[in-house]
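S.K.: Pasting in a structure now, in structure tokens, and then I'll have a few things to ask.
Protein chains: 2
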Amino acid sequence: MTPDYVDIETLKFILYNVHQVEGLLEAEHFSEYDKTSLDLFLDSIKTFSDTALHPYIKEMDEKPSYFKDGNIHIHPQFKSILNTAGDLGIVGAIFDFEDGGMQLPSTVFQAAHFIMNAANNHVPGYFGLTSGSANLILSFGNQELKDTYVPNMLDLTWGGTMCLTEPQAGSSLSDVMTLATPTDNDYYQIKGQKIFISAGDHQFSNNFVHLVLARIKGAPAGTKGVSLFVVPKNRPTGNDKFTYNDAAIAGEFEKMGQKGYCTTHIVFGDNNDCRGWLLGEPNKGLSYMFQMMNEARISTGLMGASIASAAYYSSLRYANERPQGRKLNSSGQKNAEEEQTLIINHPDIKRLLFSQKATVEGSMSLILQTAYYLDKEMTSSSEEEKEKYHLLLEILTPIVKTYPAEQGIQSISNAVQILGGYGFCFDFMPQQYYRDIRIIALYEGTTGIQSLDLLGRKITMKKGKALELLAIEIQETIKNASKFDDLKPFANTLLENLSLVQKVIGTIMPHAMKGNYERFLADATVFMDFMGTIVIGWQWLKTAAVAKQTLADGNGNQPSAFYESKIHTMKFFYTYEISKTKGLAKTVMNNEELTITTSKDYF
Amino acid sequence: MTPDYVDIETLKFILYNVHQVEGLLEAEHFSEYDKTSLDLFLDSIKTFSDTALHPYIKEMDEKPSYFKDGNIHIHPQFKSILNTAGDLGIVGAIFDFEDGGMQLPSTVFQAAHFIMNAANNHVPGYFGLTSGSANLILSFGNQELKDTYVPNMLDLTWGGTMCLTEPQAGSSLSDVMTLATPTDNDYYQIKGQKIFISAGDHQFSNNFVHLVLARIKGAPAGTKGVSLFVVPKNRPTGNDKFTYNDAAIAGEFEKMGQKGYCTTHIVFGDNNDCRGWLLGEPNKGLSYMFQMMNEARISTGLMGASIASAAYYSSLRYANERPQGRKLNSSGQKNAEEEQTLIINHPDIKRLLFSQKATVEGSMSLILQTAYYLDKEMTSSSEEEKEKYHLLLEILTPIVKTYPAEQGIQSISNAVQILGGYGFCFDFMPQQYYRDIRIIALYEGTTGIQSLDLLGRKITMKKGKALELLAIEIQETIKNASKFDDLKPFANTLLENLSLVQKVIGTIMPHAMKGNYERFLADATVFMDFMGTIVIGWQWLKTAAVAKQTLADGNGNQPSAFYESKIHTMKFFYTYEISKTKGLAKTVMNNEELTITTSKDYF
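Quick note, the sequences are listed as chains A and B, same order.
Going left to right, the first sequence walks through residues 600 to 1202 as our numbering numbers them.
Going left to right, the second sequence walks through residues 600 to 1202 as our numbering numbers them.
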């Protein structure tokens, strides 16, 4: 039977077989868990998603969150959703036991997160932002801040947010202007505006804990003068009493998608009575924020892949049920007397489906791969190991954020296409997913920003050490896959592509060495497309090799078609996607400089 | 100043300089016109678009057409729009004078159509469908049908529609089941349902003339048993009186875009009182319809390119006004003390803009190129010439329908991206264009169907004659461009790509010759992507050569940056797009057969 929004068997195969997440449980930190308890957790998330999330995805689009009389109103079902999610411990899933968390591996939690987002991508952001902001308080706050805020966030009685963007600054965080003026007390006076604040307010929480980037009066210009503050909507006055903290909701952004997930405009201190408590040290706000960034970016990419997953199964169901057209006979003709065939029997529909499957499962595998490195970084005992996993994470994070965001758009466009005219109509889901996913390439740093990060920072960092480590991981996969004759050609192709990466970098790096960074980075986004395709190619080869081994060993718990389909989809990816890398490499290495000094009159 | 939705100077440059439309006026058929009168017509359309169409595009999205009490209601502004369009003679623009038309060249009319669609893509379909259906009646109807229906359609007092799709058949017209039962009178009794009927009904026309594909009782199965009928909503009873013809509006399809352009569900003969009049001969309905199809498909591609045009200028305005971020210095650092730069100064934003410009203007040029062939086909005096232009049209039509539809999506996605988070919000236009354009790859034959048409029919027709003629046209452009040293490398690249087309076809044709048509056509859509890119590359080289010649002659009426920008954008297209053709060719020539016999269990 076609799954509703995610194939749980594929998710578990990637989790347990491809990435061997059980190996993580050997670490002291995860020693409370075994496969049975992990499965139990995933199953409870699946049940929650089936019953509480997925049934409301269409309604949340039809009845968007809205702003009225100074408050944001979200879909009424959130009352029950937030209650249940609080009970399930989702906010603290990866927190330590001592902080009230479940101390789960990130890899497993991201798998759970994938399920929830695929079920209803409008919802899990409310959990994720509360979790992220609670995590910042736990990591950098003093005991009082922890005690005051975290317990109520853990059970979702209170919501948490991240307030970065300002109207005049957008992605440029060095231009944050929200002002924090010191007082004689333990707090600062906060004044400024923040926009695009996801989950910024709603009727089902009686308090919100905003983590606000602001500049302490007199702080240096740029990113090195940005601090992080805890700014509650209602501040505690002792004895469990609260007073309004002059953090006003000024409006809701009306969006083309993810309409159930509110996006608010918050004005702090309009009446000069907004208090904020410094988190950690002054002027280190951005570095604190960035310690959360890898996870936030993995989660954002995950959101994209999971929406694409839901769209894939939606179009697959249609393709399996809709009769239309006929197969061609050997004269290239159709016989109109024959019954129509199901559209899934047309090669072009199969191409559209495999292309989706390749994007969805390839992205899923990369997401769990990076989450696995996150767990390894935390649990490794040696500094060298820790650094290895840290660097792997650094180089993969912009890719795992971007590939599902950009390719997810194409993937869902394919889902729309399969439904023909119905794909454009509100009666079917693909059009909603098509609108929902378009935000992913903008959240948490746009594709352009991720690409600058990849090429400008991650490729060059520590003299290319991160890329070197990634190449070692990829070569390991190539070695494993090469054991199987029919995987060998694809392993060889991946090896050629690794050399191509070196060639591309060797060609453009001299620009950076000559101080021409603009030239070096001009086609960073094309480089991202190139690298992303190769990295997903790596994940597919890894997946195919494990599938092949499972078939050879005969010890899989799925029908053989399951494993064969993984190998088949790997071949599809190499035939239809990896074929693009040479052209992309050529573009990155071009000598035309067409986007650098060009006159504005040319547009 | 940045245009609002279309650059009229570029449109005229492509019209008069690149395609030399004035040459058409030498034909007797167009002898009433000169450049001044053509300009006058285009200017009147621009004024109409500025004042009556563009101001309402956002409102038409916000207040969609809807169904209530058996009727469709469209935006109130349509009352005045339809009146003015009727006065301007838009419906009959290309009809003969004797039929009440303006006898304009198609090339000029498509230029006008581009302007109107770019201004407001929700509107011109109402004119176009009335025009298309009136044209069918003029071409194949008897005098009585012409006299009864056409005059009221010409001034848009009545609307016209094309009723092809049925719920069970979709794109498969051989499965049309609407039944036409002969009577003893001159009419047939019509019974059946049609869906996705654009402009099918509204409050501002007191009658609709539906052109309905139906099967005469006892007709053969498949396409060879399909006839075409004129089925009015209200039928004439003599003396200018009318009675309801049992053609009921059953609903409106709610869509994610083009919401002002209604899409209706019509039920014919539910009370057994729906009369239809046969157009032309029985069982020839589809061939009649297909005589209009080239124009309809050019117009559909045009709609895609024009929406992309509006989105391009929308994002260009933003890029020219929005300060954000800073340029990197020679140490790869930014100086936070500096003022922020306009985002148009970032190479990645320039890349996103050039990519849009390349798609919009390249598509515009191909659209006018095909319309030009349409005019040449009609006005050529020799049969050989006529056949030449007919075949060129045949091979280019699926491409001109598809390229702007598919690449237009990417183009508008780039516009969304330039606006960052605002791109996802209803306050700005790109998100609307992004939703609007998604239907273009589905209208008038999906991309899959166009691709089968291109590879399965057009490439092979008359032993490859159409492709041969196209290659001659392309070689002519290569020859002209090669005169200029700095265009020569690009001319050479285009020549290599022409050889690559031959190689690809030579590789896959044997499958067809062995009777394995499914294998031959399996990657038709990838082949379409490949061919489309090359054909747009041809148009860009042609444009660049004309721009270069104009600069050399020093006789252009635009500043030199205008012509330089065309050459620059050509280089951009070759560097960022033509670089993809080798990878696409490789995919088409693959030997994996991954989408043909695959088990359904693989999904």
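C-beta: ideal position from N, C-alpha, C; glycine also.
Quick one: residues in its chain with C-beta nearer than 6 Å to the C-beta of residue 989/B, no 5 flanking neighbours on either side, listed in chain order?
M.R.: Taking the first residue of the second sequence as 1, we reach residue 989/B at position 390. These residues qualify, in order along the chain: 976.
S.K.: Which residues does DSSP list as the beta-bridge partners of residue 788/A?
M.R.: For this step, residue 788/A is matched to residue 189 along the first sequence. Note: residue 788/A sits in a beta bridge opposite 780/A, 874/A.
S.K.: Check each candidate in 612/B, 687/B, 1078/B and name the one with the smallest Cα separation from residue 646/B.
M.R.: Indexing the second sequence from 1 puts residue 646/B at position 47. Among 612/B, 687/B, 1078/B, the Cα nearest to that of residue 646/B is on 687/B.
S.K.: What residue from 808/A, 999/A, 1183/A has the CA that sits closest to residue 895/A's CA?
M.R.: Taking the first residue of the first sequence as position 1, residue 895/A is located at position 296. Of the listed residues, the one whose Cα sits closest to residue 895/A is 999/A.
S.K.: Which chain B residues are close to residue 604/A, counting only those with a beta carbon under 8 Å from its beta carbon?
M.R.: Looking up residue 604/A in the first sequence gives position 5. Residues of chain B passing the Cβ test: none, with the nearest at roughly 14 Å.
S.K.: Where does residue 673/B fall in DSSP's three states?
M.R.: As a first step, residue 673/B is located in the second sequence; it is residue number 74 there, counting from the start. Of the three classes helix, strand and coil, the one that applies to residue 673/B here is coil, per DSSP.
S.K.: Distance cutoff 8 Å, beta carbons only. Does residue 853/A sit that close to anything in chain B?
M.R.: Locating residue 853/A in the first sequence gives position 254, where the first residue counts as 1. At least one chain B Cβ lies under 8 Å of residue 853/A.
S.K.: Below 7 Å CB to CB, which residues in the same chain sit around residue 602/B once its five sequence neighbours on both sides are set aside?
M.R.: Mapped onto the second sequence, residue 602/B falls at position 3. Taken in chain order, the residues that qualify are 912.
S.K.: If you run the structure through DSSP and keep just helix, strand and coil, what is residue 836/A?
M.R.: Numbered from its first residue, the first sequence carries residue 836/A at position 237. It is a strand residue.
S.K.: When we look at the beta-carbon of residue 1051/A and count the other beta-carbons within 10 Å, is it buried (16 or more) or exposed?
M.R.: Translated into the one-based positions of the first sequence, residue 1051/A becomes position 452. In summary, residue 1051/A is buried, with 16 or more beta-carbon neighbours lying within 10 Å of its beta-carbon over all protein chains present.
S.K.: Taking just the CA atoms, how far does residue 779/B sit from residue 772/B?
M.R.: As a working mapping, residue 772/B is identified with position 173 in the second sequence. As a working mapping, residue 779/B is identified with position 180 in the second sequence. Approximately 16 Å, taken between the alpha carbons.
S.K.: What are the boundary residues of the beta strand (DSSP E) that includes residue 608/A?
M.R.: For the purposes of this step, residue 608/A is identified with residue 9 of the first sequence, where counting begins at 1. Taken as a continuous stretch (DSSP letters only), residue 608/A belongs to no beta strand (DSSP E), being part of the alpha helix (DSSP H) at 607-611.
S.K.: Given a cut-off of 8 Å, decide if residue 1090/B and residue 1081/B are closer than it, judged by their beta-carbon atoms.
M.R.: In the second sequence, residue 1081/B corresponds to position 482, counting from 1. In the second sequence, residue 1090/B corresponds to position 491, counting from 1. Result yes, Cβ atoms of residue 1081/B and residue 1090/B sit closer than 8 Å.
S.K.: Taking Cβ positions, are residue 1168/B and residue 949/B nearer each other than 8 Å?
M.R.: Here residue 1168/B corresponds to residue number 569 of the second sequence, with the count starting at 1. Here residue 949/B corresponds to residue number 350 of the second sequence, with the count starting at 1. No, Cβ-Cβ distance for residue 1168/B and residue 949/B is not below 8 Å.
S.K.: So which residues of chain A does residue 1025/B contact, with C-beta pairs closer than 9 Å?
M.R.: Translated into the one-based positions of the second sequence, residue 1025/B becomes position 426. Neighbours of residue 1025/B on chain A, chain order: 852, 853, 854, 855.
S.K.: Taking 8 Å as the CB-CB cut-off, is residue 1186/A touching chain B?
M.R.: Residue 1186/A sits at position 587 when you count from the first residue of the first sequence. Interface residue, yes.
S.K.: Cβ of residue 807/B versus every heavy atom of the ligand MG: is any distance shorter than 7 Å?
M.R.: This structure lacks the ligand MG; in fact it carries no ligand of any kind.
S.K.: Only counting the same chain, and skipping five residues up and downstream in sequence, which positions put a Cβ closer than 6 Å to that of residue 858/A?
M.R.: In the first sequence, counting from the first residue as 1, residue 858/A sits at position 259. Excluding its 5 nearest sequence neighbours in each direction, residue 858/A has C-beta neighbours in its own chain below 6 Å: 660, 663, listed in chain order.
S.K.: Closest Cβ-Cβ distance between residue 774/B and chain A: below 8 Å?
M.R.: Mapped onto the second sequence, residue 774/B falls at position 175. Chain A contact via Cβ: present.
S.K.: Can you tell me the Cα-Cα spacing of residue 938/A and residue 925/A, whole angstroms?
M.R.: On the first sequence, position 339 is the one that residue 938/A refers to. On the first sequence, position 326 is the one that residue 925/A refers to. Rounded to the nearest angstrom, the two C-alpha atoms are 8 Å apart.
S.K.: Taking the alpha carbon of residue 1104/A as the point to measure from, which residue in 1085/A, 1053/A, 734/A has its own alpha carbon closest?
M.R.: Taking the first sequence and counting its residues from 1, the one referred to as residue 1104/A is at position 505. With distances taken between Cα atoms, residue 1104/A lies closest to 1053/A.
S.K.: Give the interface partners of residue 1174/B over in chain A, defined as CB-CB distance under 8 Å, in chain order.
M.R.: As a position in the second sequence, residue 1174/B is number 575, starting the count at 1. Going along chain A in sequence order, the residues near residue 1174/B (Cβ under 8 Å) are 1186, 1189, 1191, 1193.
S.K.: In chain B, what lies closer than 8 Å to residue 1034/A by C-beta?
M.R.: As a first step, residue 1034/A is located in the first sequence; it is residue number 435 there, counting from the start. Simply 855, 1034.
S.K.: Does any residue of chain B have a CB that is nearer than 8 Å to the CB of residue 1124/A?
M.R.: By 1-based counting over the first sequence, the position of residue 1124/A is 525. Closer than 8 Å: yes.
S.K.: Give the secondary structure of residue 881/A by DSSP, where H, G and I count as helix, E and B as strand, and everything else as coil.
M.R.: Numbered from its first residue, the first sequence carries residue 881/A at position 282. Three-state result, residue 881/A: coil.
S.K.: Which of the three DSSP states, helix, strand or coil, is assigned to residue 929/B?
M.R.: For the purposes of this step, residue 929/B is identified with residue 330 of the second sequence, where counting begins at 1. Coil at residue 929/B, not helix or strand.
S.K.: Quick one, which residues of the segment 940-972 of chain A are near chain B if we go by CB-CB under 7 Å, in chain order?
M.R.: 943, 946, 947, 949, 950, 952, 953, 956
S.K.: Starting from the Cα of residue 1183/A, find the closest Cα among 881/A, 1159/A, 1127/A, 1146/A and give me that residue.
M.R.: Position 584 of the first sequence, counted from the first residue, corresponds to residue 1183/A. Among 881/A, 1159/A, 1127/A, 1146/A, the Cα nearest to that of residue 1183/A is on 1127/A.
S.K.: CA-CA distance, residue 705/A and residue 970/A?
M.R.: Position 106 of the first sequence, counted from the first residue, corresponds to residue 705/A. Position 371 of the first sequence, counted from the first residue, corresponds to residue 970/A. In a straight line, the C-alpha of residue 705/A is about 6 Å away from that of residue 970/A.
S.K.: With respect to the beta strand (DSSP E) encompassing residue 1191/B, which residues constitute its N-terminal and C-terminal limits?
M.R.: If you number the second sequence from 1, residue 1191/B lands on position 592. Premise fails: residue 1191/B is in no beta strand (DSSP E) and is neither H nor E.
S.K.: Can you grab the Cα-Cα spacing for the pair residue 642/A / residue 703/A, in whole Å?
M.R.: Numbered from its first residue, the first sequence carries residue 642/A at position 43. Numbered from its first residue, the first sequence carries residue 703/A at position 104. Whole-angstrom Cα-Cα distance: 15 Å.
S.K.: Checking contacts by CB at 8 Å: is residue 1199/B closer than that to chain A?
M.R.: Locating residue 1199/B in the second sequence gives position 600, counting from the first residue. Output row for residue 1199/B: interface = yes.
S.K.: Determine the direct distance from the alpha carbon of residue 748/A to that of residue 733/A, and round the result to whole angstroms.
M.R.: Start at 1 with the first residue of the first sequence, and residue 733/A comes out as number 134. Start at 1 with the first residue of the first sequence, and residue 748/A comes out as number 149. C-alpha separation (whole angstroms): 8 Å.
S.K.: Listed from N- to C-terminal order along the chain, which residues in the segment 651-682 of chain A have their beta-carbon within a distance smaller than 7 Å of any beta-carbon of chain B?
M.R.: Within the segment 651-682 of chain A, no residue has its Cβ closer than 7 Å to any Cβ of chain B.
S.K.: Are the CB atoms of residue 762/A and residue 681/A within a distance shorter than 8 Å?
M.R.: Stepping through the first sequence from its first residue, residue 681/A is reached at position 82. Stepping through the first sequence from its first residue, residue 762/A is reached at position 163. Against a cut-off of 8 Å, the Cβ pair of residue 762/A and residue 681/A comes out as no contact.
S.K.: Would you mind sorting residue 1061/B into buried or exposed? The rule is 16 or more other CB atoms within 10 Å of its CB.
M.R.: For this step, residue 1061/B is matched to residue 462 along the second sequence. So residue 1061/B ends up on the exposed side.
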